[in-house]
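Peer 1: Sending over a structure as structure tokens; questions will come in a sec.
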């Protein structure tokens with residue numbers, strides 16, 4: 317009977333909804349012990365993450381504590397697998413902030429070195445938003461208590477490397493082992509609680525204020541914001557939910573689209589924006605109205621031959637090029653070739669990502685290539701590639717490169 321119950325419990329556990337998140341809060345022995353005792357945590361194990369070299373060991377991580385410019389060291393971390401029906405992501409992340417001092421840079425207490433830096437590596441967008449949201453909430457509490465600026469590294473998890481076996485459950489094996497307490501004593505408490513509220517994430521963000529029973533809000537969501545994949549975070553909220561923002565635009569209609577930097581509004585639009593106008597506004601916000609990239613994308617300018625971005629992109633490995641404004645994948649390195657022209661050249665664009673139209677500017681007969689979603693000007697297509705193929709002659713300043721293994725994290 318006991319075997320049946322045990323097997324039944326095991327089979328049910330297979331259907332539990334679990335997530336994984338990785339925390340770096342100093343020496344991983346104590347961090348592992350802390351998280352593995354929380355209700356809802358399925359597994360916590362020590363390891364390494366955040367560096368740019370493979371198969372790190374404890375010896376290698378210590379060796380690279382003063383890493384050179386070409387080496388990014390891994391930091392000591394704990395991989396936490398949790399059942400989000402029993403413990404929320406927000407509760408875990410809040411526990412992480414309160415567990416250590418996130419303001420110390422490359423150390424934690426007397427443990428000094430970049431392998432002890434504070435870090436949070438997320439595995440989905442919801443974790444990322446909660447990490448930034450709680451960071452924004454925790455910073456003023458730390459400041460009030462006399463602490464400085466949060467230095468925590470918040471990035472997508474590229475790979476977690478499990479630490480050597482003798483580091484796993486170290487404090488259980490060594491009850492008198494080293495287990496320092498680096499907590500600041502600063503708690504979220506009641507100051508953190510606001511119903512459905514949002515606070516500034518820090519840096520650039522887009523906040524869309526909507527309202528119930530607003531047909532233009534629904535139209536904007538369906539036709540524009542639901543398809544947005546850009547790198548600048550976009551959030552939707554009710555006006556009363558905004559906390560600690562500095563706004564200059566009076567919300568007299570919805571949707572109101574706010575362009576925010578460090579909690580301060582720098583631009584806004586009241587009312588519905590179609591995709592073309594929205595992405596032009598995003599382009600101005602992200603690229604800068606006076607930048608070469610904005611001129612290329614929205615004023616049909618052209619990069620100079622062999623520009624800096626072109627030279628940088630010549631050395632990329634396997635991956636894709638995305639639209640800086642919309643985040644859509646436009647071109648694949650598998651279709652790239654060196655035309656010797658001084659501009660990026662591809663045999664084709666990603667299916668459905670671009671549109672082509674006749675261009676008679678400057679008395680020439682050419683075919684212009686535009687990003688389908690953002691409407692950004694990308695370049696022109698010619699029929700002069702090797703083997704009678706097409707040559708997509710593309711400006712580099714409007715593109716960003718993403719490694720193939722990182723595509724799913726975008």
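In this note's numbering, the protein residues as written are 317 to 726. C-beta atoms are modelled at their ideal positions from N, C-alpha and C, and glycine is treated no differently. What you are looking at is a predicted structure, and each value in this text was computed from that prediction instead of being measured.
1. Does residue 661 come out as helix, strand or coil in the three-state DSSP assignment?
2. What is the DSSP secondary structure of residue 440, reduced to helix, strand or coil?
3. Where residue 653 and residue 702 are concerned, what is the direct C-alpha to C-alpha distance, given to the nearest angstrom?
4. Take the Cβ of residue 509 as the centre, count every other Cβ of all protein chains shown within 10 Å, and call the residue buried at 16 or more, exposed below.
5. Tell me the DSSP bridge mates of residue 754?
6. Rounded to whole angstroms, what's the CA-CA distance from residue 507 to residue 409? Just pull it up for me.
7. Kindly list the residues whose CB is nearer than 7 Å to the CB of residue 452, restricted to its own chain and excluding five residues on each side of it in sequence; keep chain order.
8. Buried or exposed, going by whether 16 or more other CB atoms sit within 10 Å of the CB of residue 498?
9. Using the rule of at least 16 other Cβ atoms within 10 Å of the residue's Cβ for burial, across every protein chain shown, is residue 713 buried or exposed?
10. Considering only the beta carbon of each residue, do residue 415 and residue 438 sit closer than 9 Å?
11. At which residues does the alpha helix (DSSP H) containing residue 588 begin and terminate?
12. DSSP puts residue 478 in a beta bridge; with which residues?
13. Determine the direct distance from the alpha carbon of residue 660 to that of residue 710, and round the result to whole angstroms.
14. When DSSP builds the beta bridges, which residues end up paired with residue 339?
15. Could you tell me the alpha carbon to alpha carbon distance between residue 695 and residue 618, rounded to whole angstroms?
16. When the distance is taken between beta carbons, is residue 469 closer than 9 Å to residue 432?
17. Within 10 angstroms of its Cβ, does residue 522 collect 16 or more other Cβ (buried), or is it exposed?
18. Using only the alpha-carbon positions, how far apart do residue 685 and residue 662 sit?
19. So, are the CB atoms of residue 584 and residue 575 less than 9 Å apart?
20. According to DSSP, simplified to helix, strand and coil, what is residue 484?
21. With DSSP run on the structure shown, which of helix, strand or coil describes residue 500?
22. Assign residue 549 to one of three DSSP states: helix, strand, or coil.
23. Quick test of the definition: if touching needs 3 or more C-beta pairs under 8 Å, does the stretch 335-342 touch the stretch 396-404?
24. By a C-beta neighbour count over all protein chains shown, 10 Å radius and 16 as the cutoff for buried, is residue 360 buried or exposed?
25. Classify residue 566 as buried or exposed, calling it buried when 16 or more other Cβ atoms lie within 10 Å of its own Cβ.
26. Less than 6 Å between C-beta atoms, sequence neighbours within five positions excluded: which residues of the same chain meet that for residue 348?
27. Output the distance between the C-alpha atoms of residue 571 and residue 577, rounded to the nearest integer angstrom.
28. Between which two residues does the alpha helix (DSSP H) containing residue 406 stretch?
29. Return helix, strand or coil for residue 399, following the three-state DSSP convention.
30. Quick one, are the C-beta atoms of residue 489 and residue 482 less than 9 Å apart?
31. Would you mind reading off the limits of the beta strand (DSSP E) that contains residue 531?
Peer 2: On the basis of the supplied data:
1. strand
2. coil
3. 10 Å
4. Only weak support is given to the placement of residue 509: the predicted model assigns it a pLDDT of 37, under 50, and the value that follows is read from those uncertain coordinates. With fewer than 16 other Cβ atoms within 10 Å, it is exposed.
5. Outside the shown range of the chain (317 to 726) lies residue 754, about which nothing can therefore be said.
6. Bear in mind that a pLDDT of 42 at residue 507, under 50, signals an unreliable position, so the number given afterwards is only what the model happens to contain. Their Cα atoms are separated by approximately 16 Å.
7. The answer, listed in chain order, is 515, 516, 517 and 518.
8. buried
9. Classification of residue 713: buried, given that the 10 Å Cβ count is 16 or more.
10. No, the pair does not count as a contact, with Cβ atoms beyond the cut-off.
11. Neither: residue 588 is in no alpha helix (DSSP H) and is coded neither H nor E.
12. DSSP, once it has assigned bridges, lists 363 as partnering residue 478.
13. 5 Å
14. DSSP lists 394 and 436 as partners of residue 339.
15. Between the C-alpha atoms of residue 695 and residue 618 there is a straight-line separation of about 8 Å.
16. no
17. Looking at its Cβ environment, which holds 16 or more other Cβ atoms inside 10 Å, residue 522 is buried.
18. 12 Å
19. At the C-beta level, residue 584 and residue 575 come within 9 Å of one another.
20. coil
21. coil
22. Coil at residue 549, not helix or strand.
23. yes
24. That one is buried.
25. exposed
26. Only 360, 362 and 394 meet the Cβ criterion.
27. 19 Å
28. 405-415
29. strand
30. yes
31. Taken as a continuous stretch (DSSP letters only), residue 531 belongs to no beta strand (DSSP E), being part of the alpha helix (DSSP H) at 531-539.
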